[in-house]
Amino acid sequence: MLKLLKEIFRTGEATVKYPFAPLEVSKDFRGKPEHEAEKCIACAACTIACPPNAIQMETDIEAGTRTWSINYGRCVFCGRCEESCPTGAIYLTPDFELAVGSKADLMRRAVFTLAQCEVCGKPFAPAKEIAYAGALLAQASEAEELTDRQRTLLATCPECKRRADLQKLADMAIARQMETRK
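Counting from 1, one number per residue, gives the positions in the sequence shown under the UniProt record's numbering.
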């Protein structure tokens, strides 16, 4: 027995001192997702990619807002949100200690304003998302700025675009009939 005690004292501790000392994690550790609302364009890519539906988006057309939320109690730390985010607004941190006093403390929210359609005035998409799409279009084209047509298309809701396209088709059909009757 004395030999065993000597061996134990000589060998030292076999485990880490956590929680009394910080636990070092690897650089690839997948911990709590962190969201930067300033970078976020509210495109909902992370919402679609999230397997346990921990990230959700709710659009309130009457208030003209889109609310992004994450429930850390549902998150499985898979990292798909980080992979799908086009702007890098959500990323995994090494933080894994998520003990809280109430379930409400496991929720985070961010609210984004919706842009209004230039034709009908209804809110239809996050203003930041439209600005991001405009920047991508400008970057992809050789011109430094967007044309008036591109700017109008970005600021028009899908319903008004459909109506305008149907009107153009109807005008073209009428013009064709007029030409055949001549």
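Glycine included, C-beta positions come from ideal geometry on N, C-alpha and C. Keep in mind that this is a model prediction, so the values were computed, not measured.
Same chain, Cβ closer than 8 Å to residue i, neighbours up to 5 away in sequence not counted
{"i": "Arg151", "result": "Gly134"}
{"i": "Gly31", "result": "Val25, Phe77, Leu92, Thr93, Pro94, Asp95, Phe96"}
{"i": "Glu57", "result": "Checking the sequence shown, residue 57 turns out to be Met, not Glu. Excluding positions up to five away in sequence, the list reads Ala42, Ala44, Thr47, Arg66, Thr67, Trp68, Ser69."}
{"i": "His35", "result": "Trp68, Ile70, Ala89, Ile90, Arg108, Ala110"}
Span of the alpha helix (DSSP H) around residue i
{"i": "Phe112", "result": "Here Phe112 belongs to no alpha helix (DSSP H); instead the beta strand (DSSP E) covers 107-116."}
{"i": "Glu7", "result": "2-11"}
Proximity winner among the options, relative to residue i (alpha-carbon distances)
{"i": "Ile55", "options": "Glu13, Ala42, Arg163", "result": "Ala42"}
{"i": "Ser84", "options": "Arg10, Asp148, Ala131, Ala49", "result": "Ala49"}
Other residues of its chain near residue i: CB distance less than 6 Å, five sequence neighbours each side excluded
{"i": "Cys120", "result": "Cys160"}
{"i": "Cys75", "result": "Ala54"}
{"i": "Phe29", "result": "Pro94"}
Range of the contiguous beta strand (DSSP E) that encloses residue i
{"i": "Pro126", "result": "123-126"}
Spatial neighbours of residue i in its chain, beta-carbon cut-off 7 Å, leaving aside the 5 residues before and after
{"i": "Val100", "result": "Leu106"}
{"i": "Leu154", "result": "Ile130, Ala133, Gly134"}
Could you tell me which whole alpha helix (DSSP H) segments of length 4 or greater appear in the region 70-102? 80-84
Alpha helix (DSSP H) segments (min. 4 residues) lying fully within the region 47-73: none
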